[in-house]
Amino acid sequence: LPRVFSGIQPTAGSFQLGNYLGALRQWVALQETAEAFYCVVDLHAITMDWDPEELRQNSLTSAAQLLALGVDPARSTLFVQSHVPEHLQLSWVLECVARFGEASRMTQFKDKSQREGADGSSVGLFTYPVLMAADILLYQTDQVPVGDDQRQHLELTRDVATRFNNRFGPTFTVPSVFIPEAGARVMDLQTPEKKMSKSLPPAGCVFLLDDPKVSAKKIRSAVTDTGREVVADAANKPGVTNLLTIHSALSGRSIPELEQHFAGRGYGDLKKELAEVVTEFVSPVRARTQELLDDPAELERVLAGGAERAREVAAATVADVYERTGFLAPG
Ligand code: AQP
Numbered sequence: 006l007p008r009v010f011s012g013i014q015p016t017a018g019s020f021q022l023g024n025y026l027g028a029l030r031q032w033v034a035l036q037e038t039a040e041a042f043y044c045v046v047d048l049h050a051i052t053m054d055w056d057p058e059e060l061r062q063n064s065l066t067s068a069a070q071l072l073a074l075g076v077d078p079a080r081s082t083l084f085v086q087s088h089v090p091e092h093l094q095l096s097w098v099l100e101c102v103a104r105f106g107e108a109s110r111m112t113q114f115k116d117k118s119q120r121e122g123a124d125g126s127s128v129g130l131f132t133y134p135v136l137m138a139a140d141i142l143l144y145q146t147d148q149v150p151v152g153d154d155q156r157q158h159l160e161l162t163r164d165v166a167t168r169f170n171n172r173f174g175p176t177f178t179v180p181s182v183f184i185p186e187a188g189a190r191v192m193d194l195q196t197p198e199k200k201m202s203k204s205l206p207p208a209g210c211v212f213l214l215d216d217p218k219v220s221a222k223k224i225r226s227a228v229t230d231t232g233r234e235v236v237a238d239a240a241n242k243p244g245v246t247n248l249l250t251i252h253s254a255l256s257g258r259s260i261p262e263l264e265q266h267f268a269g270r271g272y273g274d275l276k277k278e279l280a281e282v283v284t285e286f287v288s289p290v291r292a293r294t295q296e297l298l299d300d301p302a303e304l305e306r307v308l309a310g311g312a313e314r315a316r317e318v319a320a321a322t323v324a325d326v327y328e329r330t331g332f333l334a335p336g
């Protein structure tokens, strides 16, 4: 079976619709055909300002949401990154293989360091893509299901793996990126030129755990354009196109089918129906997440089992890397 790895940050507590359509939907589907390792990447969540108590709670909430969305611990290895210290061990070695120049070209750092400026940002925000490379390479991953925004980080991972293999011998599987055709880039409801993101003002972002009434209101207030026709046209109608894309991804109906369905009707109808589709999707996910959080002992048991399984694979990779790179074996 091909090996799949992917991770998600617990930063906001609730995932947003872009996370689900760009990545998590594929996580669930790939369990059928691959040996999957799925990780709540809490170490990645401290590159910007954070609150320790919130982080702990958000990690638990994130794991609960993953189970509620359909990640099945009987078939996939679900774990929390900080429970597997090998991520940090490999990360340091890869930091010494990655180049400052290539890390400097990462557009996510450029975007995310804007607020504090590069000088005021943490070193961790800068080295984040190298930790991500370690996350992936530890598990000899064949495929990484992620949204389109992660393409550049995946390229860095492949470059670092290839360089390491050339220098020290075949050690890592060089992974390929797995980006969905539909939903790879869900756009912000208020600024449809930008990807939906928890870091933008919340009015444009649909959180899975929000009250569906709040999400419905956000959808009703989504930015569209001055035209009237409900048709997909990314260049001229980015807002309407985004609403159609979300509808299509959640309802399973194709975009041409939806265009026909909304022929002669206005944007208001599209928004109203999309709000219903979203409500139908999130309601059971919210309920199941809450149920799981009400009994954290069970959740903790799942995560402990996942960490144990992940460590078996991760420790073997680190042992191989340490041997090849010249570290003295402990006596
Ligand atoms: N808008 C999106 N469309 C499609 N996929 C998306 N992803 C994120 N936003 C979109 C995918 O979600 C997965 C988890 O990514 P992450 O843990 O890095 O989350 P994130 O990118 O931090 O989520 P946000 O909300 O976008 O946070 P900020 O604002 O901090 O960047 C990844 O596979 C990602 O591609």
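Under full-length UniProt numbering, think of the first position of the sequence shown as 6, with each following residue one higher.
Yeah, the Cβ is synthetic: ideal placement off N, Cα and C, and Gly gets one too.
What you are looking at is a predicted structure, and each value in this text was computed from that prediction instead of being measured.
Strand pairing of residue i, partner residues [DSSP]
| i | result |
| --- | --- |
| M111 | Answer by DSSP bridge pairing: none, since M111 is not bridged. |
| I251 | Its beta-bridge partners do not exist; DSSP assigns none. |
| E262 | Per DSSP, none; premise fails for E262. |
| Y43 | S11 and L83 |
| Q21 | F212 |
| K242 | D238 |
Three-state class that DSSP yields for residue i in the structure shown
| i | result |
| --- | --- |
| A320 | helix |
| T291 | Note on identity: in this sequence residue 291 is Arg, with Thr being the wrong assignment. Residue state, collapsed to three classes: helix. |
| E234 | coil |
| M192 | strand |
| V182 | strand |
| residue 400 | Residue 400 falls outside the range modelled here, since the chain spans only 6 to 336, and no answer is possible. |
| K203 | coil |
| W55 | coil |
| Q31 | helix |
| S127 | coil |
| V102 | coil |
| P134 | helix |
| E278 | helix |
| L161 | helix |
| P335 | coil |
| V219 | helix |
Residue i classed as buried or exposed, judged by whether at least 16 other C-beta atoms fall within 10 angstroms
| i | result |
| --- | --- |
| P335 | exposed |
| G79 | Position check: residue 79 holds Ala in this sequence, whereas Gly was assumed. Flag for A79 reads exposed. |
| Q295 | exposed |
| T231 | exposed |
| N24 | buried |
| V45 | buried |
| A28 | buried |
| K223 | buried |
| W55 | exposed |
| F84 | buried |
| L333 | exposed |
| G188 | buried |
| V128 | exposed |
| D274 | exposed |
| L276 | Residue identity check: residue 276 is Lys in the sequence provided, not Leu. Its Cβ being crowded by 16 or more others within 10 Å, K276 is buried. |
| D300 | exposed |
| R190 | buried |
| N247 | buried |
| F105 | exposed |
| T322 | buried |
| K242 | buried |
| R61 | exposed |
Contacting residues, own chain, Cβ-Cβ under 6 angstroms from residue i (five flanking each side not counted)
| i | result |
| --- | --- |
| N63 | P15 and G18 |
| I260 | A237, L249 and S253 |
| E305 | none |
| I134 | According to the sequence displayed, residue 134 carries Pro and not Ile. Contacts found: M111, H158 and L161. |
| L136 | S96 |
| L142 | A166 and F177 |
| S256 | V282 |
Spatial neighbours of residue i in its chain, beta-carbon cut-off 7 angstroms, leaving aside the 5 residues before and after
| i | result |
| --- | --- |
| G174 | R329 |
| K203 | T16, A17, Q21 and C210 |
| T146 | R8, V9, F10, T178 and P180 |
| P271 | Looking at the sequence itself, residue 271 is Gly, so the reference to Pro does not match. Counting only Cβ-Cβ distances below 7 angstroms, and skipping sequence neighbours, we find R233. |
| R314 | T82 |
| L35 | V9, A41 and P150 |
Residue i beta carbon near the ligand PLP (any heavy atom closer than 6 angstroms)
| i | result |
| --- | --- |
| A292 | This structure lacks the ligand PLP; the ligands present are the ligand AQP. |
Neighbourhood of residue i by C-beta, 8 angstroms cutoff - its chain only, sequence neighbours within 5 removed
| i | result |
| --- | --- |
| L130 | T52, M53, F114, K117 and S118 |
| R156 | V182 and I184 |
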